[in-house]
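1 is the number of the first residue of the sequence shown in the UniProt record's numbering; add one for each residue after it. All C-beta atoms, glycine included, are put in the ideal place defined by N, C-alpha and C. Here is the structure we will look at.
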Amino acid sequence: MADVIRVPNAKIALSTASVYPERTPDAFELAARLGYDGVEIMVGADPVSQDIDVIERLSDHYEIPVLAIHAPCLLVTQRVWGRDPWAKLVKAQKAAERLGASTVVVHPPFRWQRDYARDFENGLARMRDETDITFAVENMFPLRARGNDVVPYSPDWNPIDYDFPQVTLDLSHTAVSGSDAMEMATKLGDRLAHLHLADGLGVTNKDEHLVPGRGNQPCAPMLERLAGNGYSGLVVLEINTRKAASRTERIDDLAEGLAFARLHLAAST
């Protein structure tokens with residue numbers, strides 16, 4: 001019998017971070033133009049990314065659903081949506097519920113957020129009891145200084161060995177940390193709920209977010225494995241296009257990333 005191509009139910013979303021220095025409205029426009037299934041909102045310095053009313057109008061106008069919210073967890077977004085990390089997560093949850101998104105992406109706490117870090121696992125568990133939204137904790141990476149690893153996160157940069165039922169696996173972060181992405185996926189099993197699709201070469205302390213296929217990460221095998229396992233989470237293209245020489249080049253990169261994802265999510269059975 002001839003091989004059968006099986007395409008999983010996983011949707012492919014465009015992270016609004018992928019269009020920077022263009023803005024959130026441009027991400028909706030390009031997602032619609034290129035044929036993405038939806039967007040992941042990176043809540044950041046762009047005021048539109050913080051305004052749920054405007055995002056809802058953009059989603060309606062472009063007929064592009066918001067599939068995930070990335071809470072403002074970066075160093076540069078410490079004051080976005082206030083300074084209380086729990087209040088940020090609650091706001092991200094409410095935004096996801098209103099917009100019909102299924103997932104909130106969250107980073108592990110910074111070490112200096114002692115109270116937040118101390119209650120992080122239990123606090124997320126309490127929030128999960130109050131909503132159907134998935135809180136997917138993302139793998140990060142240590143920093144290297146003078147030959148030593150410096151871990152700015154607590155309990156760790158790697159959420160795999162902790163009690164998080166859902167995890168986001170970021171393939172640019174596995175490059176920076178020098179992790180075996182396929183081994184991490186194996187350990188996660190069904191806990192792998194969200195994939196940030198990007199590539200990297202493993203340059204020290206450099207989170208590259210290359211177009212998949214341009215680095216040394218197992219982007220294609222990862223997608224093929226997920227397809228073979230009937231993965232139903234989200235695949236989110238989260239790449240860095242800020243150095244694109246033109247808008248045309250940026251659009252080409254976003255189209256290439258989408259084509260790569262669709263190709264390798266088609267599993268032959």
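Who are the Cβ neighbours of Y62 in its own chain at under 6 Å, not counting the five residues just before and after it?
F28, A32
Near Y20, what residues of its chain come up, given a Cβ to Cβ distance below 6 Å and the 5 sequence neighbours on each side ignored?
R242
Does DSSP put D26 in a helix, in a strand, or in coil?
helix
Determine the extent of the alpha helix (DSSP H) in which L171 is found, giving its start and end residues.
171 to 177
What would DSSP say about F260, mapped onto helix, strand or coil?
helix
Helix, strand or coil at Y162 according to DSSP, with G and I counted as helix:
coil
Between the segment 189 to 204 and the segment 153 to 172, do three or more beta carbon pairs fall short of 8 Å?
yes
Considering only residues of the segment 52 to 134, which uninterrupted alpha helix (DSSP H) runs meet the minimum length of 4 residues and lie entirely inside it, listed in chain order?
52 to 62, 85 to 99, 114 to 118, 120 to 128
With DSSP as the reference, label S15 as helix, strand or coil.
strand
How is D46 classed by DSSP in three states: helix, strand or coil?
coil
Do you know offhand how far A96's Cα is from V66's?
8 Å
Would you mind working out which of H264, Q217, G202 sits nearest G228, comparing C-alpha positions?
H264
Specify the secondary structure class of T168 as computed by DSSP and reduced to three states.
strand
E238, DSSP secondary structure in three states
coil
What distance in whole Å lies between the Cβ atoms of V43 and V80, which are believed to be in contact at a cut-off of 8 Å?
6 Å
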